[in-house]
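Asks: Pasting a structure here, questions to come.
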Amino acid sequence: MVRTELVGRQRELDVLGECLAAALTGDPRLVVCRGEPGIGKTRLAEEMAARATGEGVPVVWGRGVESDGAPPYWPWRQLLRATAEVVDVAGLAHEHRLTADVSRLAPDVFPPNRQTADQGSSEDRFRQFDAILANLLREPVTREMHLTGLPAPAVGQHLSLVVGHDVSDEEAEEIHALTRGNPFFIGEIGRVLDFRRAGARSSLVTASVREAIGARLQRLSPECGRLLQAASIVGRDLPVALVSAVVGLPVGGCLGPLDEAVAAGLVEAGTTPSEHYFVHALIRDAIEAGLPTSERVRPPPSRGGHRGDLRRPPRTASVRYRPPLGRSRRGG
Ligand SMILES: Nc1ncnc2c1ncn2[C@@H]1O[C@H](COP(=O)(O)OP(=O)(O)OP(=O)(O)O)[C@@H](O)[C@H]1O
Ligand SMILES: [Mg+2]
313 MVRTELVGRQ
323 RELDVLGECL
333 AAALTGDPRL
343 VVCRGEPGIG
353 KTRLAEEMAA
363 RATGEGVPVV
373 WGRGVESDGA
383 PPYWPWRQLL
393 RATAEVVDVA
403 GLAHEHRLTA
413 DVSRLAPDVF
423 PPNRQTADQG
433 SSEDRFRQFD
443 AILANLLREP
453 VTREMHLTGL
463 PAPAVGQHLS
473 LVVGHDVSDE
483 EAEEIHALTR
493 GNPFFIGEIG
503 RVLDFRRAGA
513 RSSLVTASVR
523 EAIGARLQRL
533 SPECGRLLQA
543 ASIVGRDLPV
553 ALVSAVVGLP
563 VGGCLGPLDE
573 AVAAGLVEAG
583 TTPSEHYFVH
593 ALIRDAIEAG
603 LPTSERVRPP
613 PSRGGHRGDL
623 RRPPRTASVR
633 YRPPLGRSRR
643 GG
């Protein structure tokens with residue numbers, strides 16, 4: 313994807329700038345940045361890192377990997393290894409009586425001695441990691457930052473940088489509504505916007521959009537994935553009663569999978585328990601685009617029709633969403 317100027321994150325950069333300034337006076341800060349895939353967490357961190365580097369502050373990175381088989385604490389190991397090149401980590405750990413913890417996190421960098429040799433099972437280590445993270449979140453030095461989508465004017469700005477010319481307010485509004493300001497999706501749509509302007513019948517749901525959303529679907533339980541595929545023909549709004557009719561399940565059987573989709577950030581719960589909707593229309597469009605035409609036009613089964621559980625998918629949900637082969641080209 314073409315990398316364009318950062319837009320619409322001034323408030324976040326201000327907060328991060330204040331945190332850096334505090335840290336440089338010896339008052340440490342930890343910022344935990346959350347947000348849906350593609351919302352711009354890595355980009356914001358890169359921007360901040362570039363600014364810090366510009367001020368002569370050493371910057372180190374640890375990147376998580378999604379594939380199985382990464383060593384335990386992999387991002388932290390990378391951080392410790394890189395930090396050890398600029399700071400006496402072993403000396404500091406000794407001073408703060410953290411030698412055992414540091415060698416447990418990164419035994420390859422800080423080999424355990426006789427006293428610290430007990431590494432525990434990898435499950436123990438994951439449990440310990442979760443406990444450390446929970447403690448860190450409660451620390452007064454910690455700030456949480458939840459990144460949401462770019463506002464409509466920033467969407468227009470980002471879009472025009474991606475396409476290389478001005479875009480109309482209507483187009484910006486349309487793309488804002490479709491993506492809820494997710495910069496990754498805006499960038500993808502930008503690549504096909506000109507084709508559509510030129511009158512081509514080009515879908516805004518590009519292969520990369522489908523691939524990115526397909527990867528998120530694959531992390532769901534089969535029940536939840538099937539429910540979303542079936543429900544995508546309903547529309548962006550997902551009233552539970554209608555979803556239940558479409559998937560042919562009692563309302564109670566839909567709530568668990570819907571909760572899972574909410575937890576995965578694909579669906580949002582409305583103000584009443586019966587209201588749900590896809591987080592943005594593009595997610596619905598991409599899921600629906602993964603269904604063959606026959607599945608898209610098939611009417612919902614009658615109320616007295618299929619009854620069962622999601623392990624035996626009803627006809628409308630019988631087609632698995634197939635993301636295109638190959639991994640996403642996007643980094644973490
Ligand atoms: N504020 C922004 N202005 C311009 N481009 C942006 C902005 N935020 C993100 N982008 C671009 O959008 C794409 C997705 O951003 P990024 O990779 O940072 O998302 P992420 O939240 O880290 O996603 P993931 O959870 O998948 O790691 C990148 O190409 C990035 O350069
Ligand atoms: Mg990222």
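Mapped onto the numbering used here, the consecutive letters of the sequence shown carry residue numbers 313 to 644. Glycine is no exception: its CB is placed at the ideal position from the N, C-alpha and C atoms.
What three-state label does DSSP hand residue 597 in the structure shown?
Replies: Correct three-state label for residue 597: helix.
Asks: Where does residue 344 land, buried or exposed, given buried means 16+ other C-beta within 10 angstroms?
Replies: Residue 344 comes out exposed.
Asks: Leaving aside the five residues before and after residue 458 along the sequence, list all residues of the same chain whose C-beta is less than 7 Å from its C-beta, in chain order.
Replies: Closer than 7 Å at Cβ, skipping near neighbours: 346, 347.
Asks: By the three-class DSSP mapping on this structure, what secondary structure does residue 456 have?
Replies: Reduced to three states, the DSSP call for residue 456 is strand.
Asks: Does the region 488–498 touch the region 467–480, meaning 3 or more C-beta pairs lie closer than 8 Å?
Replies: These segments touch.
Asks: Should residue 460 be counted as a contact of ligand 2 given a C-beta to heavy atom distance under 7 Å?
Replies: No, the beta carbon of residue 460 sits no closer than 7 Å to any heavy atom of ligand 2.
Asks: Under a three-way DSSP split, which group does residue 549 fall into?
Replies: Note: residue 549 maps to strand in three-state DSSP.
Asks: Please state if the CB of residue 403 and the CB of residue 391 are separated by a distance shorter than 8 Å.
Replies: Contact flag unset, no.
Asks: Between which two residues does the alpha helix (DSSP H) containing residue 294 stretch?
Replies: Coverage of the chain is limited to positions 313 through 644, which leaves residue 294 absent and any answer about it impossible.
Asks: When you compare only the Cα positions, how much space is there between residue 384 and residue 401?
Replies: Roughly 19 Å separates the two Cα atoms.
Asks: Can you list, in chain order, the residues of its chain whose CB lies under 6 Å from that of residue 491, leaving out five sequence neighbours each side?
Replies: Excluding sequence neighbours, residue 491 sits near 497, 498, 592, 594.
Asks: Measuring CA to CA, which of 538, 324, 395, 382 is closest to residue 370?
Replies: Nearest of 538, 324, 395, 382 to residue 370, Cα basis: 395.
Asks: Of the choices 332, 382, 524, whose alpha-carbon is the least far from that of residue 351?
Replies: Residue 524 is the option with its Cα nearest to residue 351.
Asks: For residue 342, which of helix, strand or coil comes out of DSSP?
Replies: Residue 342 falls in the strand class under three-state DSSP.
Asks: Establish whether the CB of residue 555 and some CB of chain B are separated by less than 8 Å.
Replies: Among the protein chains of the structure shown there is no chain B, as only one such chain exists.
Asks: Quick one: measure Cβ to Cβ for residue 453 and residue 342, integer angstroms, because I've assumed they're closer than 8 Å.
Replies: About 5 Å; that satisfies the 8 Å criterion.
Asks: Have a look at residue 537 and residue 530 and give me their C-alpha separation to the nearest angstrom.
Replies: For residue 537 and residue 530, the distance between alpha carbons rounds to 7 Å.
Asks: Compute the beta-carbon to beta-carbon distance between residue 543 and residue 559, rounded to the nearest angstrom, for a pair I have assumed lies under 8 Å.
Replies: About 7 Å; that satisfies the 8 Å criterion.
Asks: Expressed to the nearest angstrom, what Euclidean distance is found between the alpha-carbon atoms of residue 366 and residue 359?
Replies: Their Cα atoms are separated by approximately 11 Å.
Asks: Starting from the Cα of residue 406, find the closest Cα among 422, 540, 393 and give me that residue.
Replies: The candidate whose alpha carbon is nearest that of residue 406 is 422.
Asks: Since residue 588 sits in a beta bridge, which residues does DSSP pair it with?
Replies: 581.
Asks: Any heavy atom of ligand 1 inside 7 Å of the beta-carbon of residue 656?
Replies: In this structure the chain extends from 313 to 644, so residue 656 is not present and cannot be described.
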